[in-house]
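Residue numbers (the numbering used here): 29 to 158. Even for Gly, the Cβ is constructed at its ideal location relative to N, Cα and C.
Encoded structure:
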């Protein structure tokens, strides 16, 4: 997290929201965990900080740490994930390889009407009953 290096001698209370998110991740990573849980890691961040955070998430995962992310921005989450679970009202409605989550699948789940999308229809994803 390059932005934290410049602020390393300052107080956490004066950091921006994005810098605080990065600081929280950095503190967690100092413990060398096997799993990192991130809840909306990019909420309220500028596009620049969003890019930095997701780049670090991918780096963490590439180094062998499992990363579980809860994110409302489906396109963003899916584009940076290996596996996806789509929750509706706290229940798992769809899961499978993130690359297979299609807009048709999501439209079917969130907007209703019509058959499930190609990921579900050809068996690459699993749609969970209501």
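Between residue 80 and the set 51, 39, 137, 41, the nearest pair of CA atoms involves 51.
Relative to the Cα of residue 31, the nearest Cα in the group 130, 76, 115 belongs to 76. Approximately 6 Å separates the beta-carbon atoms of residue 62 and residue 94; this is inside 8 Å, confirming the contact. Distances from the CA of residue 98 to each of 109, 43, 59, 90 were compared; the closest alpha carbon is that of 109.
A distance below 7 Å between beta-carbons, with the five flanking residues on each side excluded, links residue 126 to the following residues of its chain, in chain order: 106, 109, 110, 111, 112. Judged by DSSP in its simplified three-state form, residue 61 adopts coil rather than helix or strand.
In the DSSP secondary-structure assignment, residue 124 is bridged to 112. In this structure, the alpha-carbon of residue 128 lies about 40 Å from that of residue 35.
A Cβ-Cβ separation of about 26 Å leaves residue 57 out of contact with residue 102 under the 8 Å criterion.
In the three-state reduction of the DSSP assignment, residue 66 falls in the strand class, which pools E and B.
Between residue 70 and residue 104, the C-beta spacing is below 8 Å. DSSP, reduced to helix, strand and coil, places residue 102 within a helical segment of the structure shown.
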